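Student: In the working numbering, the protein residues as written are 924 to 1086.
Every residue, glycine too, gets a C-beta built ideally from N, C-alpha and C.
On a predicted model such as this, the values are computed, not experimentally measured, just so you know.
#1: Within a Cβ cutoff of 7 Å, which residues of the same chain sit near residue 1076, ignoring the five residues on either side of it in sequence?
#2: Pick helix, strand or coil for residue 1052, following the three-state DSSP scheme.
#3: Need the endpoints of the beta strand (DSSP E) that residue 1012 sits in, please.
#4: Specify the secondary structure class of residue 876 as computed by DSSP and reduced to three states.
#5: Check whether the stretch 1003-1010 and the stretch 1042-1055 are in contact - that is, three or more C-beta pairs closer than 8 Å.
#6: Got a sec, what are the start and stop residues for the alpha helix (DSSP H) residue 960 sits in?
#7: Residue 1063: buried (16+ other C-beta within 10 angstroms of its C-beta) or exposed?
#8: Could you have a look at residue 1004 and say whether DSSP puts it in helix, strand or coil?
#9: Between residue 965 and residue 990, which are expected to be in contact by the criterion C-beta below 8 Å, what is the C-beta distance as a whole number of angstroms?
#10: With 16 other CB atoms within 10 Å as the buried threshold, where does residue 932 fall?
#11: Spatial neighbours of residue 985 within its chain, please: CB distance less than 6 Å, with the 5 preceding and 5 following residues excluded, ordered by chain position.
#12: Please determine, among 999, 941, 1029, the residue with the shortest C-alpha to C-alpha distance to residue 1058.
#13: Quick one: what's got a C-beta closer than 7 Å to residue 1019's C-beta in the same chain, skipping five residues either side?
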């Protein structure tokens, strides 16, 4: 869960380039860039110029929204319309692993077991697929790369910060 001020996102950008090893980078989005992402849905593509600040903007990149979470850590779910928080009865899928934890005493010590009955369903809270004011974290993946690699862009900004 990402804690931030009102009107600010934390963007987690996943580099899909195989040479980078699938690294993820965390960037802040605020101000006008924040307003540009409101109303977007999971699966929409965004221009990288709206992600990051100053020298760390990802100009030339195309990014796809793959998910996110709200201020309480509730995940966004692709198949729910809107941006409101809803209770959904789910089976094993996104946001629910599909097992119960059972604690048993075995040999004098308490052990934890995963019990997975057939047809297990639980009511879980999810946010809809639309980014709104309550969203605090957005997960993005790279669709089209720019001229510079993500590592070069983001390391240049972090080297200048301590000076």
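Tutor: So, from the data block:
#1: Within the chain shown, the letter at position 153 stands for residue 1076. Same-chain partners within the cutoff: 979, 981.
#2: Here residue 1052 is taken as the residue at index 129 of the chain shown, counted from 1. Of the three classes helix, strand and coil, the one that applies to residue 1052 here is coil, per DSSP.
#3: Locating residue 1012 in the chain shown gives position 89, where the first residue counts as 1. Looking at the DSSP string, the run of the beta strand (DSSP E) that includes residue 1012 is 1008-1013.
#4: Absent from the model: residue 876. The displayed extent of the chain is 924 to 1086, so no value can be given.
#5: Flag = yes, the stretch 1003-1010 and the stretch 1042-1055 touch.
#6: As a first step, residue 960 must be located in the chain shown, where it is residue number 37. Per DSSP, residue 960 belongs to the alpha helix (DSSP H) from 955-960.
#7: Indexing the chain shown from 1 puts residue 1063 at position 140. It counts as buried.
#8: To locate residue 1004, count along the chain shown from 1; it is residue 81. In the structure shown, residue 1004 adopts coil according to DSSP, grouped into three states.
#9: On the chain shown, position 42 is the one that residue 965 refers to. On the chain shown, position 67 is the one that residue 990 refers to. Taking C-beta atoms under 8 Å as the contact rule, residue 965 and residue 990 qualify, at a distance of about 6 Å.
#10: Counting from one through the chain shown, the residue named residue 932 turns up at place 9. It counts as buried.
#11: In the chain shown, counting from the first residue as 1, residue 985 sits at position 62. Result list for residue 985: 968, 1066, 1067, in chain order.
#12: Within the chain shown, the letter at position 135 stands for residue 1058. Comparing Cα positions, the closest option is 999.
#13: If you number the chain shown from 1, residue 1019 lands on position 96. Once the five neighbours on either side are set aside, the close Cβ partners of residue 1019 are 1013, 1045, 1047.
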